[in-house]
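Okay, structure first, notes after.
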Amino acid sequence: MTTTNKRMALVCTVLSVCIVLVAAAAQAQGISFERHDYDVGISPQSFAAADLNGDGVPDLSVANERSNDVSVLLGNGDGTFQAARNFAAGSGPRAVAVGDFNGDGVPDLAVANFFSNNVSVFLGNGGGSFQEARNFAAGNLPGSVAVGDFNGDGVPDLAVANQDSQNVSVLLGNGDGTFQALMYFGVGVSSRFVAVGDFNGDGVPDLAVANQDSQNVAVLLRNGDGSFQPAIYFAVGGRPRSIAVGDFNGDEVQDLAVATNGSNNLSVLLGSGDGSFQAALNFGVGDTPLFVAAGDFNGDGLLDLAVANYGSNSISVLINTARPAGRK
């Protein structure tokens with residue numbers, strides 16, 4: 000299988016996680032599912048699900064690395080999607096995130112362009128279409144983008160993990176769809192993924208960054224002005240690639256789950272509530288895990304985990320068996 004085909008297979012696998020999990024649970028009740036495939040751009044790398052046209056139905060936006068664009072598929076409300084509309088981005092789009100960057104109540108898109116070292120921002124028109132991209136500089140080889148209000152002004156900002164410059168860049172939003180000059184914060188070597196969460200319980204968003212070649216996760220606690228404190232590092236398995244944030248042990252403190260493609264496991268870091276984390280707990284998954292997502296897949300109120308395994312063309316599902324104190 001070629002590299003391109005492998006990438007396509009991975010994305011199809013990630014896109015199908017929820018469908019596969021629900022189908023597996025439903026088969027025992029005699030329910031079947033009908034598969035639908037949709038064409039997007041070349042070498043899709045990641046996607047985001049959100050209502051982009053205001054009809055209350057989830058839509059999809061997909062970052063396509065080799066066609067240098069973003070595909071938008073509007074949902075029909077019956078589980079099917081309309082044909083993709085493609086919007087030109089920068090060179091090598093790797094990740095897409097959704098936020099209202101100009102305060103008009105309409106979702107916009109932010110796309111990390113790996114090869115052009117920038118972020119493309121697409122302002123929404125309100126019907127699922129988007130204006131021409133506005134590009135804002137990021138670091139070297141940006142491969143992940145996340146949205147959060149980092150300075151408490153009620154305006155969404157962007158955090159971008161830059162693989163080659165060993166930092167995360169923060170772009171504070173002006174509220175009109177434009178962004179201020181970059182602020183850089185050092186993290187580990189080959190930062191591949193950035194996630195947002197409140198790790199010290201102060202009600203404001205912090206950052207967690209997966210550093211592939213330094214085998215750790217950097218946690219950056221937020222200051223009140225949109226800047227961040229120096230990174231605190233926590234060891235995980237080999238070559239961490241992505242992070243899911245959630246409360247996995249029911250103590251109302253946010254934890255981290257990290258897919259580590261060099262050790263074929265999932266590292267779970269339980270939060271202490273003060274921005275620090277306990278030593279990693281490692282759980283075996285498939286070959287070369289690249290992507291992890293959290294969700295309650297069996298309806299018991301506990302967050303479970305699903306991992307896309309690039310090397311074994313499989314999904315590993317980890318059902319949470321923890322029982323919080325006081326719960327039978």
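Residue numbering for the sequence shown follows numbering that gives the first Met the number 0, beginning at 0 and increasing consecutively.
Yeah, the Cβ is synthetic: ideal placement off N, Cα and C, and Gly gets one too.
All values derive from a computational prediction rather than experimental measurement.
Name the DSSP beta bridge partners of residue i, please?
{"i": "L206", "result": "V195 and L219"}
{"i": "N134", "result": "S119"}
{"i": "R84", "result": "V71"}
{"i": "S266", "result": "V257 and N281"}
{"i": "Y232", "result": "A217"}
{"i": "A109", "result": "A96 and V120"}
{"i": "P141", "result": "N161"}
{"i": "F227", "result": "R221"}
{"i": "N63", "result": "P43 and D68"}
{"i": "S241", "result": "A258"}
{"i": "F178", "result": "G172"}
Who are the near neighbours of residue i in its chain, counting only those whose CB is closer than 7 angstroms to its CB and skipping five residues on each side?
{"i": "G270", "result": "F198, V252, Q253, D254 and F276"}
{"i": "S31", "result": "Annotation note: pLDDT 49 at S31 (below 50); position unreliable, coordinate value reported separately. Excluding sequence neighbours, S31 sits near nothing in its chain."}
{"i": "G127", "result": "L51, N52, D58, V71 and L73"}
Under 9 angstroms between C-beta atoms, does residue i make it to chain C?
{"i": "N173", "result": "The structure shown contains no chain C; it holds only a single protein chain."}
Let me check understanding here. Comparing Cα to Cα, which of the options lies closest to residue i?
{"i": "F86", "options": "L220, N264, D156 and A132", "result": "A132"}
{"i": "F39", "options": "Q214, L171 and N63", "result": "The question names Phe, but residue 39 in the sequence shown is Val. Among Q214, L171 and N63, the Cα nearest to that of V39 belongs to N63."}
{"i": "V257", "options": "F296, I231 and Q214", "result": "Q214"}
{"i": "A321", "options": "D299, L73, A180 and V159", "result": "D299"}
{"i": "V120", "options": "G127, A109, R84 and G223", "result": "A109"}
{"i": "D107", "options": "N116, A47 and G123", "result": "G123"}
{"i": "G294", "options": "N308, N319 and F282", "result": "N319"}
{"i": "D250", "options": "A217, G261, L301 and A243", "result": "L301"}
{"i": "P288", "options": "G272, T259, R65 and L181", "result": "T259"}
{"i": "S241", "options": "A180, L265 and N222", "result": "L265"}
{"i": "N117", "options": "V159, V193, R84 and D148", "result": "V159"}
{"i": "S311", "options": "G285, N297, F296 and A292", "result": "G285"}
{"i": "G328", "options": "G283, D212, G272 and G196", "result": "Absent from the model: residue 328. The displayed extent of the chain is 0 to 327, so no value can be given."}
{"i": "L170", "options": "V186, N134 and V188", "result": "N134"}
{"i": "V188", "options": "F100, A217, V203 and N222", "result": "A217"}
{"i": "A243", "options": "F80, V291, G272 and N67", "result": "V291"}
{"i": "Q130", "options": "F100, G236, G272 and N263", "result": "F100"}
{"i": "R191", "options": "F247, V203 and D163", "result": "D163"}
{"i": "S90", "options": "F113, A83 and A82", "result": "F113"}
{"i": "D212", "options": "V193, D36, P239 and V203", "result": "P239"}
{"i": "A47", "options": "A136, G185, G138 and V146", "result": "V146"}
{"i": "N139", "options": "L181, D156, D152 and S115", "result": "S115"}
{"i": "D152", "options": "D54, A180 and G223", "result": "G223"}
{"i": "V203", "options": "D77, D156 and L181", "result": "D156"}
Is residue i helix, strand or coil when you go by DSSP?
{"i": "F149", "result": "coil"}
{"i": "Q28", "result": "In this prediction, Q28 scores a pLDDT of 41, lower than 50, which makes its location untrustworthy; the coordinate-derived value is nonetheless stated afterwards. Here Q28 sits in coil by DSSP."}
{"i": "Y183", "result": "strand"}
{"i": "N166", "result": "strand"}
{"i": "I318", "result": "coil"}
{"i": "V252", "result": "coil"}
{"i": "A23", "result": "Confidence at A23 is low in this model, with a pLDDT of 42, below 50, so its placement is unreliable and the value that follows should be read with caution. Note: A23 maps to helix in three-state DSSP."}
{"i": "S190", "result": "strand"}
{"i": "G294", "result": "strand"}
{"i": "S356", "result": "In the structure displayed, the chain extends from 0 to 327; residue 356 sits before or after that span and is not available."}
{"i": "G78", "result": "coil"}
{"i": "S128", "result": "coil"}
{"i": "L304", "result": "strand"}
{"i": "P155", "result": "coil"}
{"i": "G172", "result": "strand"}
{"i": "F247", "result": "coil"}
{"i": "F114", "result": "coil"}
{"i": "G325", "result": "At G325, the pLDDT of 47 sits below 50, so the modelled position is not reliable; the number obtained from the coordinates is stated separately. Here G325 sits in coil by DSSP."}
Please go through the same chain and pick out, in chain order, the residues whose beta-carbon is closer than 6 angstroms to the beta-carbon of residue i, but skip the five residues on each side of it.
{"i": "G125", "result": "V105"}
{"i": "A94", "result": "S45, A62, A111, S143 and V144"}
{"i": "P141", "result": "A111, V159 and N161"}
{"i": "Y183", "result": "N166 and S168"}
{"i": "G225", "result": "F149, N150 and L171"}
{"i": "G272", "result": "G200 and V252"}
{"i": "S313", "result": "G285"}
{"i": "V208", "result": "A160, V167, V186, S190, V193 and A217"}
{"i": "G261", "result": "G237 and R238"}
Tell me which same chain residues have a C-beta within less than 8 angstroms of the C-beta of residue i, skipping the five on either side of it?
{"i": "L220", "result": "F198, N199, D205, F227, Q228, I231 and G274"}
{"i": "R49", "result": "According to the sequence as given, residue 49 is Ala; it is not Arg. Excluding residues within five positions, the ones whose Cβ falls inside 8 angstroms are P57, D58, S60, V97 and P106."}
{"i": "G102", "result": "V154, G174 and D175"}
{"i": "L317", "result": "L265, F282, V284, D303, L304, A305 and V306"}
{"i": "L68", "result": "Going by the sequence as given, residue 68 is Asp instead of Leu. Once the five neighbours on either side are set aside, the close Cβ partners of D68 are G40, N85, F86, A87, A88 and P92."}
{"i": "A279", "result": "F233, A234, V235, G236, V257, S266, V267 and L268"}
{"i": "T79", "result": "H35"}
{"i": "N75", "result": "V56 and Q81"}
Length at least 3, wholly inside the segment 32-57: the beta strand (DSSP E) runs in chain order: Within the segment 32-57, the complete beta strand (DSSP E) runs of at least 3 residues are 43-49.
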